Ligand SMILES: [Zn+2]
Ligand SMILES: [Zn+2]
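Numbering (the numbering used here), first residue to last: 109 to 440.
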């Protein structure tokens with residue numbers, strides 16, 4: 109065989125392999141999407157009656173993409189300190205991309221005067237590296253606050269899939285539950301992502317007296333619409349607010365794959381690469397939330413682009429608050 113023919117043969121083989129891989133990924137994606145839709149349709153829960161309400165809720169972003177001060181560390185990840193009257197919850201544990209110790213999260217906690225000893229519970233929204241403390245933890249099905257162990261003894265950690273930590277008491281969540289007066293987990297909602305696969309994500313819901321339910325969301329993979337629908341299934345009170353990530357990397361992505369490809373846009377939206385998330389998707393979601401006339405909306409910039417942040421800012425006007433590390437969001 110001539111060199112040219114051998115080259116053509118090899119190229120043909122490689123294209124065939126690439127096509128087969130693309131067809132396999134595509135089949136997996138559509139099968140997973142149908143499965144997620146079936147699970148969603150079958151997920152019917154009774155109302156979480158008698159969970160009570162809190163007088164005051166504060167959400168302090170400890171890790172996210174933008175900060176209120178240059179002295180605070182930022183990352184394309186999430187960690188929020190949620191204080192609901194007497195209950196303090198650490199919602200997600202950041203990204204720690206460099207596996208540092210102390211991690212950006214620990215450094216910001218120290219700068220903001222937050223002590224882990226004051227945390228009553230951990231909630232991990234979903235098992236992605238930007239929420240569970242890094243890529244090695246995503247691969248190893250673990251979660252961590254820093255590159256070296258942090259003692260979490262005696263702290264319950266509510267996780268949506270099997271994840272472990274050497275000292276926290278990890279409790280896998282499979283349904284909505286009240287976890288403290290006025291505070292509930294919404295239970296996991298599935299979404300099939302094209303590259304990242306099957307993803308179960310839970311949110312936190314806090315009932316603020318005289319206002320309604322405030323949803324605290326990690327990446328928003330299940331879609332804003334389903335997160336709101338789940339809350340409306342569980343509570344009589346109106347949706348008052350939504351704080352956190354909704355994954356709208358429409359015009360840009362905070363993370364690049366190989367320094368080139370828009371990682372979040374390709375990997376986390378629940379749409380295939382040939383039909384990526386677009387402005388209409390975001391506008392439809394905004395309309396869905398607008399109809400609830402929320403009193404507070406704060407979109408995480410960790411997984412949404414500046415165009416999407418602007419769209420939310422414009423749509424919700426006075427009710428919109430920029431989400432900045434170090435700047436407390438107060439609802440009372
Ligand atoms: Zn995220
Ligand atoms: Zn995610």
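Glycine included, each C-beta is placed from N, C-alpha and C at the ideal position.
Keep in mind it's a predicted model, so treat the numbers as computed, not measured.
In whole angstroms, what is the alpha-carbon distance linking residue 255 and residue 273? Rounded to the nearest angstrom, the two C-alpha atoms are 13 Å apart.
Segments assigned alpha helix (DSSP H), at least 4 residues, entirely inside the region 223-284: Runs found: 237-240 and 243-248.
Would the beta-carbon of residue 378 be found less than 7 Å away from any heavy atom of ligand 1? no
Excluding the 5 residues flanking residue 237 on each side, which residues of the same chain have their C-beta closer than 6 Å to its C-beta? 243 and 246
When burial is assigned at 16 or more other CB atoms within 10 Å of the CB, is residue 372 buried or exposed? By the neighbour-count rule (16 or more Cβ atoms within 10 Å), residue 372 is buried.
Hey, quick one: how far does the alpha helix (DSSP H) through residue 309 stretch, first residue to last? It is not in any alpha helix (DSSP H) - residue 309 instead sits in the beta strand (DSSP E) that spans 305-309.
If you check the beta carbons only, do residue 370 and residue 377 fall under 8 Å apart? Against a cut-off of 8 Å, the Cβ pair of residue 377 and residue 370 comes out as no contact.
Whole-angstrom distance between residue 394 and residue 228, CA atom to CA atom: Rounded to the nearest whole angstrom, the CA to CA distance from residue 228 to residue 394 is 33 Å.
Return the CA-CA distance between residue 226 and residue 196, expressed in angstroms with no decimal places. 7 Å
Residues that residue 315 bridges to, as DSSP identifies them: Residue 315 pairs with 321.
Is the CB-CB distance between residue 314 and residue 325 below 8 Å? Between residue 314 and residue 325, the C-beta gap is not smaller than 8 Å, which leaves the two residues out of contact.
Ordered along the chain, which non-local residues of its own chain (more than five positions away) have a Cβ less than 6 Å from that of residue 361? 370, 371, 372 and 373
Once the 5 residues before and after residue 285 are set aside, which same chain residues still bring their CB inside 6 Å of it? 293
Three or more C-beta pairs under 8 Å: does that hold for the region 401-409 against the region 422-433? The region 401-409 is in contact with the region 422-433.
What do you reckon, is the C-beta of residue 249 under 7 Å from a heavy atom of ligand 2? Not so, every heavy atom of ligand 2 lies at least 7 Å from the Cβ.
Considering just the uninterrupted stretch of the alpha helix (DSSP H) at residue 207, what are its terminal residues? That residue, residue 207, is in no alpha helix (DSSP H); it is neither H nor E in DSSP.
Nearest-angstrom Cα separation, counted from residue 427 out to residue 400: 12 Å
Who are residue 196's beta bridge partners in DSSP? 191
Please tell me whether, using a cut-off of 7 Å, the distance from the CB of residue 410 to the nearest non-hydrogen atom of ligand 2 is below it. no
Host beta strand (DSSP E) of residue 300 (start-end): 297-301
Ends of the alpha helix (DSSP H) at residue 374? 371-375
Kindly examine ligand 2 and report whether one of its heavy atoms sits closer than 7 Å to the Cβ of residue 413. Distance from the C-beta of residue 413 to the nearest heavy atom of ligand 2 is not below 7 Å.
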